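Chains as they are written, first to last, in our numbering: chain A, 3 to 326; chain B, 6 to 298; chain C, 2 to 323. Below is one structure; the comments refer to it alone.
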Amino acid sequence: MAEPMRDLVQIRGLGKTFESRKGLLGESRRLKAVTAVDLDIPRGKVTGVVGESGCGKSTLARLVVRLLRPSEGSITFDGADLQQQSNAGMRRLRRRIQMVFQDPYSAIDPRYTIADALLEPFQVQGVRLSLAEARAKVDELLDMVRLGRELASSYPHQLSGGQRQRIGIARALAFRPDFLVLDEPTASLDVSIQAQIVALLEQLKTELGLTYLFISHDLGLVRYFCDRIVVMYLGRVVEILPEPRAKPRHPYTRTLLDSTFAPDPTQRRDISRLTGEIASAYDLPAGCAFAARCAFADETCRAKVPELMTDAFGHATACFHPLN
Amino acid sequence: MSAEATFTPRRADFRRSVAGKVLSTPKGAIAGAYLFLLVLLAIFAPWITPYPYDAQNLQVASQAPSWAHWLGTDEFGRDVLSRIIYGARTSLSVSTTAIAVSVFVGMVLGAAAGYFGGLLDRAVTTVVDLSWSFPEILLALILVAIVGPGLHSTMFAIGIAYLAQFTRLTRAQILSLKGETYVEATINLGASHAHIVFRHLMPNALAPVIVCGMLATGDAIILEATLGFFGLGAQPPVPSWGAMMSSGSALIFKAPWIIIFPGLVVAISVIAINLFGDALIRALDIRASLREV
Amino acid sequence: MALLEVSDLSIDIAGIKPLDGIGFSVDEGRILGLVGESGSGKSLTALSIMGLLPLIGGRVERGSIRFDGIELTAQPEPALRRLRGRRIAFISQNPMTSLDPVMRVGAQIDQVSRLHLGLDAKAAAARSIALMERLRIPAAATVYHHYPHELSGGMKQRIVITMALSADPDLIIADEPTTALDVTIQAQIVQLLMELVRDRGVALILITHDMGVVAQACDHVVVLYAGRVAESNGVKEIFAAPRHPYTKALIRCIPRDGMTPGSLAGIPGSVPSVAKYPSGCRFHPRCPDVLKICPEAVPPLEPQPFGGAVACHAVAARVTHG
């Protein structure tokens, strides 16, 4: 088994339930966004999380950076339990854990110049900079994300989506964090810009020794970029692939793979077997959440939730009838 | 690595600034000019009025407009024009002060309710919704009845009557801004509540609320005139447009100018405020955010 | 003769020319992929074919759109209205906004057959339910009575496709029909569209930015860049041997199995905005094969010796020399 210190982040039994109330006195509905997630994120590697709507990957990302508080479970970052941190302690930890958001178009306050936006991390963390130091920092951060220094005095609306996303990355890197959580950082961008950003992320990872948690719905991209792949469905981890080419064992992962079209007309997929809609996270069934759509489901599957079992190679599956 | 397209900074251009945009439209320019003139008249009243506002001259009472008295005289022989100019002082100062305070308090309440949510939000919203359901004039009348007539109570009544608007608008703005990604990003950097509210939420919420306040000033002028009409506003001899209209109503057939001119000035001033506010909304491009109250 | 032939299509919107010299053709029973990133003009092309340019203040400046021998650019609005929905159907990107939220979905599908085929209420309902079952909408008779907000995104898109099919059109234009949907649902919808084309012989123009979808579903591909056609060819040829530098770069931008880490590069720069198109070839500022002539002259769309067409000076130079 992996030594504790080799993993930068350890997540145990993580769960998050949202309650919403209909009106002032109405009944409340419970949304179990994330349930019983156990996950280790090894240092220096890219861990990918894939899934479709309602799988909980965005919620998981926000739990890891403490934008949301867990309903249950724990998150340990480099030995420090995030639940036990004081406000000041958490603020210090935020120099080491950062997040890059999905929508570059609203990730920067439209009233702030780029320089203001890049200096805000220092302002928030109480680091005083002289005018010269501030200018140097802004230049340094712009260089890091391969943007021209003349952009410092412009406003977000004058930049393209790709440029704005680079600014988002630069802000996250202000304090040279160890760990970056990326929530679909390229989903709103054109394919050619997406590739630029991914290439940048690859270079930064090597240059700065970063660990990534990469959230995406694009399995093709995740298979290219990530070292390990976590597959989520309706709030639970259903499979962990120790390396991108590992053969999927969970039927859902197989479905996801079959639905991801390769950019190669000679490799057309047979998708006649795909059926069903994704269930609503408000009304989770009793057993395995995927049973309703699974060709191999039986009574056991509908009655009990399968546990995540890991084999000797680090391949984890939560299924009573795994493939292969 | 990749060379981004070269970028040229946009030069500051008056035509494209907010002031430029407002003043370049006919309604913005004309309304703006009128309001500017009105404010000037109000400020310099003692130096420019042909007669003091309380100079009675019973020999020329109720006289039609003439070269000596451009807008005629009222039942006490006082110059209508001078009284209207002094009345501007009353109306403008009462309305703008009352609205300014109301905006400030409303923003604080609305921001607190929107940002912290929970019980505070429910409490503020309930109170605001209750007062929202009363017409302003009714609220104002009740308040003045309790506190007694006079300039200060008028200001108080106007302030309370419009509080609901600004609270709701600010709260709506804060709620929608709270969900913006850049707010999440700033929390993620480790920002305190104060930083988020004062650096990101308030500045972005300010514009619609300020414009709303401006439009409410127009309403407040009418409200002040209404209260004055019933004798509940500024007490004589301090002139107010509403009180002038009230005393002029008795002589409406014999000396119609006593009621017409103050009435006209009220109407034109409020129209000018609305036109100017409209042009401002367009220039600031905040039509959408004003819909969500 | 192709069912739809577009040639030299150029449009004008308030003085700007976002589309210039667009040309391609679609045959019955075939799927044409219209591919491009944002700003490429793919949606505008669809609007032009449907005759809906006046809605956004635009007009066809030159060129022709021939549908089954009819010159669409010369038709008056009443004639176009008879074609829309009946012979040319349109599926838009966002099923959320294509459906009337206060009308039951069944009634919305009925509208099409009642309007274009003159069916009465009962016959229209029967036809709609039968179509819904063909499109594998489970419990079709019940779903018929639902409102749009009661259905999932994938289901709504199926309803929209049912509406498009209701009058038995010859041509369907689908503008990014799966972009707003989850991956597994997207696959089902693509599968559905492919079956429809095969079984009913309709022609389909599939507008998308997703090269994976193109590879899976399309027979023929037209690549657009900044309002012009960069390249067109059969799907196998486009992927195996792309000729235009933009097509080549675009295909390299897509992560695929077997790529070594670090090989994903992107295309430097960004798509030019409509107001500031570069002179000559619109791709030249970002092109690795740029020649001196590129900023000076617009490259014509030239048919190539073994099929397809490319608009590129560098390619033309190679062909004449080679």
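C-beta: ideal position from N, C-alpha, C; glycine also. For clarity, every value in this text was computed on a predicted model and none was experimentally measured.
Query, Result
"For residue 100(A) and residue 188(A), I'd like the C-alpha separation in whole angstroms.", "17 Å"
"Please compile the residues from chain B whose C-beta is within a distance smaller than 9 Å of the C-beta of residue 100(A).", "193, 194"
"How many Å lie between residue 133(C) and residue 10(C) at the Cα?", "36 Å"
"Hey, could you find the ends of the alpha helix (DSSP H) residue 261(A) is sitting in?", "253-261"
"Distance, Cα to Cα, residue 235(C) vs residue 217(C)?", "13 Å"
"If we cut at 8 Å on Cβ distances, does residue 262(A) have a partner in chain C?", "yes"
"Report the residue from 102(C), 233(C), 281(C) whose alpha carbon sits nearest the alpha carbon of residue 221(C).", "233(C)"
"Check whether the stretch 66-82 of chain B and the stretch 248-261 of chain B are in contact - that is, three or more C-beta pairs closer than 8 Å.", "yes"
"Along the stretch 210-227 of chain A, where does the CB come closer than 9 Å to a CB of chain C? Name the residues.", "219, 220, 221, 222, 223, 224, 225, 226, 227"
"Touch check for the stretch 192-204 of chain C and the stretch 271-291 of chain B: three-plus C-beta pairs under 8 Å?", "no"
"My assumption, with CB atoms under 8 Å, is that residue 155(B) sits in contact with residue 240(B). Please give the rounded CB distance.", "6 Å"
"Quick check: the stretch 123-134 of chain B against the stretch 78-89 of chain B, are there 3 or more CB pairs under 8 Å?", "no"
"Would you tell me roughly how many angstroms separate the C-alpha atoms of residue 82(C) and residue 118(B), rounded to the nearest one?", "52 Å"
"Distance, Cα to Cα, residue 204(A) vs residue 263(C)?", "7 Å"
"So, with DSSP's three-state summary, where would you put residue 221(C)?", "strand"
"Can you pull the chain C neighbours of residue 265(A), defined as C-beta to C-beta under 7 Å?", "212, 213, 216, 240, 252, 255, 257"
"Using DSSP's beta-bridge definition, name the partner residues of residue 14(C).", "17(C), 59(C)"
"Jot down the residue ranges of each uninterrupted alpha helix (DSSP H) in the stretch 25-82 of chain B, minimum 4 residues, whole runs only, in chain order.", "31-48, 50-53"
"Cutting at 7 Å between CB atoms, please list the residues of its own chain near residue 41(A), excluding the five before and the five after it.", "13, 232, 239"
"What residue from 260(A), 309(A), 259(A), 242(A) has the CA that sits closest to residue 316(A)'s CA?", "242(A)"
"Can you tell which of 317(C), 295(C), 275(C) has its C-alpha closest to the C-alpha of residue 20(C)?", "275(C)"
"Do we get a CB-CB distance below 8 Å when we pair residue 80(B) with the residues of chain A?", "no"
"Of all the beta strand (DSSP E) runs that stay within the bounds of the stretch 183-238 of chain A, which reach a length of 3 or more residues?", "213-218, 230-235"
"By the 7 Å beta-carbon criterion, what residues does the stretch 108-125 of chain A contribute toward chain B?", "108, 109, 110, 111, 113, 122, 123"
"I'd like to know whether the C-beta atoms of residue 229(A) and residue 209(A) end up nearer to each other than 8 Å.", "no"
"Would you please verify whether the beta carbon of residue 232(A) is less than 8 Å from any beta carbon of chain C?", "no"
"Given this structure, state the Cα-to-Cα distance separating residue 132(A) from residue 124(A), to the nearest angstrom.", "12 Å"
"For residue 67(A), return the contacting residues in chain B, with the cut-off set at a CB-CB distance below 8 Å.", "193"
"Which residues in the same chain have their Cβ closer than 7 Å to the Cβ of residue 125(C), if we skip the five residues on either side of it in sequence?", "111, 114, 115"
"When we look at the beta-carbon of residue 15(A) and count the other beta-carbons within 10 Å, is it buried (16 or more) or exposed?", "exposed"
"Do residue 223(A) and residue 172(A) come within 8 Å of each other at the CB atom, strictly closer than that value?", "no"
"Just the chain A side, please: which residues come within less than 9 Å of residue 208(B) by C-beta, in chain order?", "111, 113"
"Going by CA-CA distance only, name the one from 80(C), 148(C), 74(C), 131(C) that's closest to residue 117(C).", "80(C)"
"Under a three-way DSSP split, which group does residue 44(A) fall into?", "strand"
"Along chain A, which residues have their Cβ under 7 Å away from the Cβ of residue 236(C)?", "267"
"Ordered along the chain, which non-local residues of its own chain (more than five positions away) have a Cβ less than 7 Å from that of residue 248(A)?", "317"
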